[in-house]
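Here the sequence shown is numbered in our numbering, starting from 21 and rising by one per residue. Where is the CB? At the ideal position from N, CA and C, for every residue including glycine. Every value quoted in this text rests on a predicted model; they were computed, and no experiment measured them. Presented below is the structure to which this report refers.
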Amino acid sequence: MSEDVLLVENLPVSGSSPEGGVISLWTLNRPEKLNALNSESHEAIKQACSDAESDDDVRVVVIRGASPPTAPEGKRQKPAAFAAGADISEFVGKNSDDVRPFFENNAWERVWNLTKPTIAMVDGFALGGGAELALSCDLRVVSDRAKFGTPEINLGLIPGGGGTQRLCQILGYGKAMEMVLTGEMVGAEEALSLGLVNKVATPEDLEAVTMALAENIARKSPYTVKVAKRAVRAALDLPLSEGILAERSEFVALFDTDDKEIGVTAFLERSEAKWKGS
Ligand code: COA
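Structure (structure tokens):
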């Protein structure tokens, strides 16, 4: 497996506690192919998920696409992309038996199932499997030239990385259906108004805005952050009455943690909380 399709950098977060917290920044690195996700990309993302999950220092994961190289004189400049989809060249001549094992053990679900917060930093195209990777993250921060879409319908396919379901949950039935049936793209401002993305920045500011959000979260108690993610996530799977019970149970259990006592005392003493992470 080539390591180059995904670059992983762990960036220290000043003021994190317990000390040593990092933001794990993953860069999809096939810019010549608009960072299309091939099987190597999937394996690399799955490995990065295992590494991030088992490393207590990783507080937040940020995923982005590599910028396209500057085109040589006379050649067309390739556009910016988070990821322009699954790598379509891998679909040629495949039947259902060929693709089923891959889709049953895919990177989108591994990202979705991370217990730590995840942020997609999207500059340019997030299409098909790329849109689904962004949807597998908890939050999306995008540049004003970002474009989301599920163009699989134009290939005689439908989204296969959870896109139909996650779009429905975020956008509601009508808009999700429109995107899936037409394959048309949604721009950044519309995506913001639809609740598909959390923030929009200029391409120049995108990294700073995303990292400020990531650092904000990375400075909280890593223990409480995991509980918070689990509690909010419960709303997607449970009926309201059961979700309320799940939240209450998580909330009450936090009263047995060190970090509840640390946070409450720090507020009352007007000091900065130094979390234990337990
Ligand atoms: N899979 C494989 N290769 C892809 C790709 C994908 N999903 N998306 C883009 N590429 C490749 C192109 O083949 C091209 O490679 P080449 O330079 O070796 O020929 C390169 O990336 C640049 O793409 P190109 O189409 O030339 O850029 P563009 O600016 O004309 O168009 C898009 C950009 C995003 C509109 C167009 O690339 C596109 O429609 N991509 C496919 C989107 C899609 O259907 N995704 C769902 C897949 S399930």
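Query, Result
"For a cutoff of 8 Å on Cβ pairs, would you count E63 as touching chain C?", "No chain C is part of this structure, which consists of one protein chain only."
"In the DSSP assignment, find the unbroken beta strand (DSSP E) run with I18 in it and report its ends.", "Here the chain comprises residues numbered 21 to 298, so residue 18 is not present and cannot be evaluated."
"Nearest by alpha-carbon distance to A100: which of W46, M141 and I173 is it?", "M141"
"Return the CA-CA distance between E93 and G263, expressed in angstroms with no decimal places.", "58 Å"
"Please tell me whether, using a cut-off of 7 Å, the distance from the CB of P171 to the nearest non-hydrogen atom of the ligand COA is below it.", "yes"
"Below 8 Å between beta carbons: does that hold for I282 and A293?", "yes"
"Going by alpha carbons, who is nearest to L45 out of A146, R84 and V217?", "R84"
"Given the structure, does P99 come close to the ligand COA, in the sense that its CB is under 7 Å from one of the ligand's heavy atoms?", "yes"
"For the alpha helix (DSSP H) holding N236, just list the boundary residues, first then last.", "L226 to A238"
"Look at M199 and L187 and say whether their C-beta atoms are less than 8 Å apart.", "yes"
"Please go through the same chain and pick out, in chain order, the residues whose beta-carbon is closer than 8 Å to the beta-carbon of V25, but skip the five residues on each side of it.", "L48, N49, R50, N58, E60, S61 and A64"
"Mind reading off the beta-carbon distance from V80 to P137? Whole number of angstroms is fine, and I expect it under 8 Å.", "5 Å"
"Identify whether L214 lies in helix, strand or coil by the three-state DSSP scheme.", "helix"
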